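Colleague: Respectively, the protein sequence lines represent chains E and G. With positions in the first sequence counted from 1, the corresponding number in this note's numbering is that position plus 146. With positions in the second sequence counted from 1, the corresponding number in this note's numbering is that position plus 130. Glycine included, C-beta positions come from ideal geometry on N, C-alpha and C. Computed from a predicted structure; not experimentally measured. Below is one structure. I have some questions about it.
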Amino acid sequence: MHIPDGYLGPLTFAALYIVMIPIWLYAGHWVQKSLRSRQVPYLALAAAFSFVIMMFNVPVPGGSSGHAVGSALVAIILGPWTAVVTTSVALLIQCILFGDGGVTAFGANCFNMGVVIPFLAYYSYKLISGRSAIASNIRIAAAAIAGYVGLTVAAVVAGFEMGIQPILEHTPAGVPLYMPYGLNVTVPAMLIEHAVFFSWVELIITGLAFAYIARNNPEIIFDYRSRNDKKTNAGQVAVPA
Amino acid sequence: MDRTFKVLLIALVVLVVVVPIGLIATGTAYGEWGPDELQQAIGYVPDGLQHLSDLWTPLLPDYDFPGGHDTLPTQAPGYYTSAIIGGLLCAGVGYLVARAIVRRTD
């Protein structure tokens with residue numbers, strides 16, 4: 147999902163940079179206001195985790211490949227605004243050092259993987275888990291499904307950004323200047339690849355890691371105390387699994 | 131360092147150890163083709179794409195050392211190096227940014 151340089155025209159990549167500026171600023175503000183100093187090492191770990199998990203390319207029939215992103219997990223544990231920061235850091239290093247994701251498309255990639263995934267995933271998780279106990283099976287399933295939903299929707303958004311290029315940017319004769327394939331190709335391609343393959347990887351890692359953290363140290367989950375089950379004496383492993 | 135953090139850190143180190151698994155997939159991700167691949171697929175390279183595609187020259191393109199390695203064993207050293215450097219840099223930048231802005235000590 148790392149859109150390279152050349153696939154988005156200036157209209158699209160500039161617009162997405164502009165969209166990202168207030169989001170980055172507010173994310174910094176949120177982290178400053180809400181995160182506790184003992185969560186700082188977890189934030190650092192989360193950024194490194196995002197980077198590494200994206201290196202696990204999954205082959206798909208037809209010669210393509212793709213990967214999970216890890217942003218859903220970070221959003222659920224440290225908050226979606228924290229995930230904006232950690233995913234943007236990982237994408238920045240990938241772009242600058244390794245040429246994965248374009249410099250011009252950095253805003254777009256941060257939007258797709260660092261905003262769409264975390265917020266979609268976090269609110270899906272909230273919606274599905276409701277008032278269930280922190281380490282309950284329903285909440286673990288909610289986290290896993292949230293990972294699947296987040297990555298799949300983000301893939302469709304990336305497909306949409308690429309697919310509108312032939313409409314937005316073409317020569318007077320109508321020849322595409324950037325991504326040559328239209329929405330009718332890009333959206334289904336991105337949707338199917340992710341829904342059938344890569345989003346399952348996101349589902350598994352999000353579910354597994356959430357289950358481990360929720361069962362062993364729910365205290366580090368950013369909105370844990372504000373939740374209903376604080377009456378179970380926060381932090382105790384007495385929560386039924 | 132609490133126990134959960136240690137376990138998660140060890141899990142991350144294990145991921146780095148097995149990172150060459152990610153090299154098994156040799157295909158290009160959708161929409162991330164090089165100009166040469168597009169040329170093959172549609173018979174031309176869009177003008178704007180051609181201009182922008184070589185805008186940036188990264189240090190370790192495609193998570194590999196220079197030299198065009200095309201087998202897993204020859205790609206693995208570069209891939210390992212990339213995972214370690216990239217992981218450490220992300221953790222470092224993330225840590226410094228968070229350290230600089232986080233105020234709450236409760």
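Spell out whether any CB of chain G is found under 7 angstroms from the CB atom of E/A251.
Modeller: The residue you call residue 251 of chain E lines up with position 105 of the first sequence. Not one chain G Cβ lies under 7 angstroms of E/A251.
Colleague: Please say whether E/G293 and E/A267 have beta carbons closer to each other than 7 angstroms?
Modeller: Here residue 267 of chain E corresponds to residue number 121 of the first sequence, with the count starting at 1. Here residue 293 of chain E corresponds to residue number 147 of the first sequence, with the count starting at 1. Yes, these two residues count as a Cβ contact at 7 angstroms.
Colleague: With a threshold of 7 angstroms between beta carbons, is E/Y153 in contact with chain G?
Modeller: Working through the first sequence from its first residue, we reach residue 153 of chain E at position 7. Cβ-Cβ to chain G under 7 angstroms: yes for E/Y153.
Colleague: Output the residue ranges of the beta strand (DSSP E) runs that lie fully inside the stretch 135-196 of chain G and measure 3 residues or longer, sorted by chain position.
Modeller: DSSP runs (the beta strand (DSSP E)) wholly in the stretch 135-196 of chain G: none.
Colleague: Does DSSP put E/H316 in a helix, in a strand, or in coil?
Modeller: Here residue 316 of chain E refers to the residue found at position 170 when the first sequence is read from its first residue. Looking at E/H316 - three-state DSSP - the assignment turns out to be strand.
Colleague: Could you check what DSSP says for E/S275 in three-state terms: helix, strand or coil?
Modeller: Sequence index remark: in the first sequence, residue 275 of chain E carries index 129 (1-based). It is helical.
Colleague: Consider the Cβ of E/E307: report whether some Cβ of chain G lies at a distance smaller than 7 angstroms.
Modeller: On the first sequence, position 161 is the one that residue 307 of chain E refers to. It does not; no Cβ of chain G falls within 7 angstroms.
Colleague: When the cut-off is 7 angstroms and only beta carbons count, does E/F356 lie next to chain G?
Modeller: Translated into the one-based positions of the first sequence, residue 356 of chain E becomes position 210. No, because no Cβ of chain G sits closer than 7 angstroms to the Cβ of E/F356.
Colleague: In whole angstroms, what is the alpha-carbon distance linking G/R234 and E/W176?
Modeller: Numbered from 1 along the second sequence, position 104 holds the residue referred to as residue 234 of chain G. Numbered from 1 along the first sequence, position 30 holds the residue referred to as residue 176 of chain E. For G/R234 and E/W176, the distance between alpha carbons rounds to 12 angstroms.
Colleague: With burial defined as no fewer than 16 other Cβ atoms inside 10 Å of the residue's Cβ, what is the status of G/T156: buried or exposed?
Modeller: Your numbering for residue 156 of chain G matches position 26 in the second sequence. Label assigned to G/T156: exposed.
Colleague: Using the three-state DSSP reduction, which class does G/R229 fall into: helix, strand or coil?
Modeller: Counted from its first residue, the second sequence places residue 229 of chain G at position 99. Here G/R229 sits in helix by DSSP.
Colleague: Using the beta-carbon of each residue, which ones in chain E are nearer than 9 angstroms to G/D192?
Modeller: As a first step, residue 192 of chain G must be located in the second sequence, where it is residue number 62. Those within 9 angstroms of G/D192 in chain E are F244, G245 and D246.
Colleague: Quick one: is E/A193 near chain G, going by C-beta distance under 7 angstroms?
Modeller: By 1-based counting over the first sequence, the position of residue 193 of chain E is 47. Interface residue, yes.
Colleague: Roughly how many whole angstroms lie between the Cα atoms of G/L218 and E/A194?
Modeller: Locating residue 218 of chain G in the second sequence gives position 88, where the first residue counts as 1. Locating residue 194 of chain E in the first sequence gives position 48, where the first residue counts as 1. Their Cα atoms are separated by approximately 7 angstroms.
Colleague: Bridge partners for E/P187 per DSSP, in chain order?
Modeller: Counted from its first residue, the first sequence places residue 187 of chain E at position 41. E/P187 is not bridged to any residue.
Colleague: I need the boundaries of the alpha helix (DSSP H) containing E/P226, first residue and last residue.
Modeller: Counting from 1 along the first sequence, the entry for residue 226 of chain E is found at position 80. Where E/P226 is concerned, the enclosing alpha helix (DSSP H) stretches over P226 to F244.
Colleague: Are the stretch 219-227 of chain G and the stretch 264-282 of chain E touching, with three or more C-beta to C-beta distances below 8 angstroms?
Modeller: No: the two stretches stay apart, fewer than three of their Cβ pairs being nearer than 8 angstroms.
Colleague: Determine whether the beta carbon atoms of E/D246 and G/L182 lie at a separation below 7 angstroms.
Modeller: Residue numbering aside, residue 246 of chain E sits at position 100 when the first sequence is read from its first letter. Residue numbering aside, residue 182 of chain G sits at position 52 when the second sequence is read from its first letter. Their beta carbons are not under 7 angstroms apart, which means E/D246 does not touch G/L182 by this criterion.
Colleague: What are the boundary residues of the beta strand (DSSP E) that E/V204 is part of?
Modeller: Here residue 204 of chain E corresponds to residue number 58 of the first sequence, with the count starting at 1. Note, E/V204: beta strand (DSSP E), V204 to V206.
Colleague: Expressed to the nearest angstrom, what Euclidean distance is found between the alpha-carbon atoms of E/S282 and E/A290?
Modeller: Indexing the first sequence from 1 puts residue 282 of chain E at position 136. Indexing the first sequence from 1 puts residue 290 of chain E at position 144. Spanning the two alpha carbons is a distance of roughly 13 angstroms.
Colleague: Grouping DSSP H, G and I as helix and E and B as strand, with all else coil, what is E/A384?
Modeller: Working through the first sequence from its first residue, we reach residue 384 of chain E at position 238. Because E/A384 sits at a pLDDT of 46, beneath the cut-off of 50, its placement in the model cannot be relied upon, and the point is left open.
Colleague: Can you give the Cα-Cα distance for E/V321 and E/F244, rounded to whole angstroms?
Modeller: Within the first sequence, residue 321 of chain E is the residue found at index 175, counting from 1. Within the first sequence, residue 244 of chain E is the residue found at index 98, counting from 1. Cα-Cα distance, rounded: 31 angstroms.
Colleague: Going along chain E, which residues have a C-beta under 7 angstroms from G/E162?
Modeller: Position 32 of the second sequence, counted from the start, is the residue given in the question as residue 162 of chain G. Result: H148 and P150.
Colleague: Consult DSSP for E/R371 and reduce its assignment to one of helix, strand or coil.
Modeller: As a first step, residue 371 of chain E is located in the first sequence; it is residue number 225 there, counting from the start. Coil.
Colleague: Say whether chain E places a C-beta atom closer than 7 angstroms to the C-beta of G/T134.
Modeller: Locating residue 134 of chain G in the second sequence gives position 4, counting from the first residue. At least one chain E Cβ lies under 7 angstroms of G/T134.
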